[in-house]
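S.K.:
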Amino acid sequence: TVGKPVICKAAIAWEAGKPLVVEDVEVGAPKAHEVRIKLAYTGVCHTDAYTLSGADPEGAFPVVLGHEGAGIVESVGEGVTNVKVGDHVIALYTPECGECKFCASGKTNLCGKIRATQGRGVMPDGTSRFKCVRTGESLLHFMGCSTFSEYTVVADISVVAVQPEAPMDRTCLLGCGITTGYGAATITANIQPGDNVAVFGAGCVGLSVVQGAAAKLKGKGRIFVIDINDDKKSWATKFGATDFVNPTKIDGKRIQDYLVDVTDGGFEWTFDCTGNVEVMRAALECCHKGWGESIIIGVAAAGKEISTRPFQLVTGRVWRGCAFGGVKGRSQLPGLVQDYLDGVLKVDEFITDRRGLSDINQAFHDMHSGLAVRTVLDV
Ligand code: NAD
Ligand code: AHE
Ligand code: ZN
Ligand code: ZN
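Here the UniProt record's numbering is used: the first residue of the sequence shown is 3, the next is one more, and so on.
1. Report the option in Gly203, Gly328, Gly292 whose CA atom is closest to the CA atom of cysteine 113.
2. So lysine 133 is in the beta strand (DSSP E); what residue range does that whole segment cover?
3. For valine 8 and chain D, any beta-carbon pair shorter than 7 Å?
4. Helix, strand or coil: how does DSSP classify arginine 117 here?
5. Roughly how many angstroms separate the alpha carbons of methionine 170 and leucine 347, rounded to a whole number?
6. Can we say the stretch 337-344 touches the stretch 192-203, given the rule of at least three CB pairs closer than 8 Å?
7. Which partner residues does isoleucine 193 have in the DSSP bridge list?
8. May I have the straight-line CA-CA distance separating isoleucine 228 from glycine 358, to the nearest angstrom?
9. How is phenylalanine 246 classed by DSSP in three states: helix, strand or coil?
10. Could you tell me which residues DSSP puts in a beta bridge with lysine 40?
11. In terms of residues, what are the limits of the beta strand (DSSP E) holding lysine 11?
12. Ignore the nearest five residues each way along the sequence and tell me which others in arginine 370's own chain have a CB closer than 8 Å to its CB.
13. Look up leucine 142 in the DSSP assignment and give the residues it is bridged to.
14. Using DSSP with H/G/I as helix, E/B as strand and the rest coil, what is glycine 358?
15. Do alanine 168 and valine 339 have their beta-carbon atoms positioned less than 7 Å apart in this structure?
16. What does a CB cutoff of less than 6 Å around valine 301 pick up in its chain, not counting 5 residues either side in sequence?
17. From the DSSP output, which residues share a beta bridge with aspartate 380?
18. In the structure shown, what three-state DSSP assignment does isoleucine 252 receive?
19. Short check: CB of valine 82 to CB of valine 37, under 7 Å?
20. Going by DSSP in three states, cysteine 147 sits in which element: helix, strand or coil?
21. For glutamate 25, which of helix, strand or coil comes out of DSSP?
22. How should tryptophan 237 be labelled, buried or exposed, when 16 other C-beta atoms within 10 angstroms of its C-beta is the threshold for buried?
23. According to DSSP, histidine 90 sits in a beta bridge with which residue or residues?
24. In this structure, how does DSSP classify glutamate 287 when only helix, strand and coil are distinguished?
25. Taking Cβ to Cβ, would you say leucine 315 is nearer than 7 Å to cysteine 288?
Written out as structure tokens, the structure reads:
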């Protein structure tokens, strides 16, 4: 197939708010500095649902969604040196070129090299590698990954080779949810033993923050999980939370006031893993006066804005955020895969269901109903 298009199945999002349709697509051959991946497995992240819902200001249709995928390199374009045919790889929605202003700064994982084209749903040369066989229409890429397809094409800086002994039905989840939360706790934040931590939202991302925070606290300090779904209590405990609060069951008190009261002043670290701007405010306002930091991970809908009294910051609280946990994909993801192989990082425990690509709409349904932490799709 090298140098030729392949025809395969992909789940196409034709319109915002409509179910995906699994049908034949043509996936073009990789051009210079591009890599075609035969995907093995993909997770379904809340951000896929967010963009599908129409709430993403960058969302455009028709598109092949998905950004939490692992697979095998099927072919490479001219000039690709970082991966070769047969490598087991994870797609990176946060690429790492190593050369742009962002990468060279050493201060951030937000590579800028292809961000503009990625946001427009096209490859770095401004064109798409996806075409619908039935209609002949060109389809957009998503977050530089498009993993809801048997084959995809990504930029070479958007892919990392990982240990082939690591099972891809697990490592796909390192493509977003687990890395995002674990990285936020272990790389973006500077959690010390004895600190108190609050995690709002116990999905894959929030539970991964809990896992990372527990690793940093080494048994000293508390980890509160705040979720409106009581079923998440046992999940939170499993990953190391010490306390669980359902904010709808605290006698009408504001959650931030309740939490400040029960922690003698609030938290050293709080994390929003919901995408709800009211929750983000509460997460900031339950930080400890003088030093508490709140980290926004959740993605909010178009038009939503955060607010608080500036006094909250004047009195020493810090508001920040991160993408992909602050993790540099090509430099740091193999290390996380090794942690998984060494039994240090829990991954299997996040998988609540396994399905085929043809069942993808059920995976979205189970996410919205609160049943799923992660459904892994066998692509
Ligand atoms: P998820 O749907 O699996 O989990 C969200 C959890 O939040 C659920 O348990 C839900 O019950 C809970 N929740 C919803 N509203 C709440 C509220 N008002 N108070 C408390 N809990 C509430 O989602 P996920 O895949 O874990 O993703 C979480 C968020 O992180 C999403 O907004 C997603 O788009 C975002 N995200 C951001 C990044 C990043 O790099 N910044 C990466 C991945 C995901
Ligand atoms: N497109 C949205 C923002 C979406 C967003 O914030 N995406 C996160 C990753 S979510 C993964 O599940 C991210 O990486 N952001 C940094 C970036 O450069 O996109 C919007 O509001 O326009
Ligand atoms: Zn994601
Ligand atoms: Zn870069």
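For each residue, glycine too, the CB sits at the ideal point set by N, CA and C. Quantities reported herein were computed from a predicted structural model and do not represent experimental measurements.
M.R.: Quick look at the numbers:
1. In the sequence shown, counting from the first residue as 1, residue 113 sits at position 111. Out of Gly203, Gly328, Gly292, the CA that lies nearest to the CA of cysteine 113 is found in Gly328.
2. As a working mapping, residue 133 is identified with position 131 in the sequence shown. Segment 132-134, the beta strand (DSSP E) holding lysine 133.
3. You won't find chain D in this structure, because it holds only one protein chain.
4. Along the sequence shown, read from residue 1 onward, the residue named residue 117 stands at position 115. Arginine 117 falls in the helix class under three-state DSSP.
5. In the sequence shown, counting from the first residue as 1, residue 170 sits at position 168. In the sequence shown, counting from the first residue as 1, residue 347 sits at position 345. When rounded, the separation of the alpha-carbon atoms in methionine 170 and leucine 347 is 15 Å.
6. Contact between the stretch 337-344 and the stretch 192-203 is absent, because fewer than three Cβ pairs lie under 8 Å.
7. Looking up residue 193 in the sequence shown gives position 191. Note: isoleucine 193 sits in no beta bridge, so no partner.
8. Your numbering for residue 228 matches position 226 in the sequence shown. Your numbering for residue 358 matches position 356 in the sequence shown. Their backbone Cα atoms lie some 32 Å apart in a straight line.
9. Numbered from its first residue, the sequence shown carries residue 246 at position 244. Reduced to three states, the DSSP call for phenylalanine 246 is strand.
10. Counting from one through the sequence shown, the residue named residue 40 turns up at place 38. Under DSSP, lysine 40 shares a beta bridge with Ile74, Tyr153.
11. The residue given as residue 11 occupies position 9 in the sequence shown. Counting along the chain, the beta strand (DSSP E) containing lysine 11 begins and ends at 8-14.
12. On the sequence shown, position 368 is the one that residue 370 refers to. What sits at residue 370 in the sequence shown is histidine, not arginine. Taken in chain order, the residues that qualify are Ala51.
13. Taking the first residue of the sequence shown as 1, we reach residue 142 at position 140. Assignment of beta-bridge partners to leucine 142 by DSSP yields Val65.
14. Here residue 358 refers to the residue found at position 356 when the sequence shown is read from its first residue. In the structure shown, glycine 358 falls within a strand segment according to DSSP collapsed to helix, strand and coil.
15. Indexing the sequence shown from 1 puts residue 339 at position 337. Indexing the sequence shown from 1 puts residue 168 at position 166. Yes, the pair counts as a contact, with Cβ atoms nearer than the cut-off.
16. Taking the sequence shown and counting its residues from 1, one reaches residue 301 at position 299. Sequence-distant Cβ neighbours of valine 301 in its own chain, meaning closer than 6 Å and more than five residues away, are Thr49, Tyr52, Gly277.
17. The sequence position of residue 380 within the sequence shown is 378, counting from 1. Tyr43, Gly358.
18. Looking up residue 252 in the sequence shown gives position 250. Isoleucine 252: coil per DSSP, three-state reduction.
19. Working through the sequence shown from its first residue, we reach residue 82 at position 80. Working through the sequence shown from its first residue, we reach residue 37 at position 35. Yes; because the gap between Cβ atoms is below 7 Å, this pair is in contact.
20. As a working mapping, residue 147 is identified with position 145 in the sequence shown. Coil at cysteine 147, not helix or strand.
21. Taking the first residue of the sequence shown as position 1, residue 25 is located at position 23. Strand.
22. The sequence position of residue 237 within the sequence shown is 235, counting from 1. So tryptophan 237 ends up on the buried side.
23. Taking the first residue of the sequence shown as position 1, residue 90 is located at position 88. Ile74.
24. Indexing the sequence shown from 1 puts residue 287 at position 285. In the structure shown, glutamate 287 sits in a helix (DSSP, three-state: H, G or I).
25. To locate residue 315, count along the sequence shown from 1; it is residue 313. To locate residue 288, count along the sequence shown from 1; it is residue 286. In this structure, cysteine 288 does not lie closer than 7 Å to leucine 315 by Cβ.
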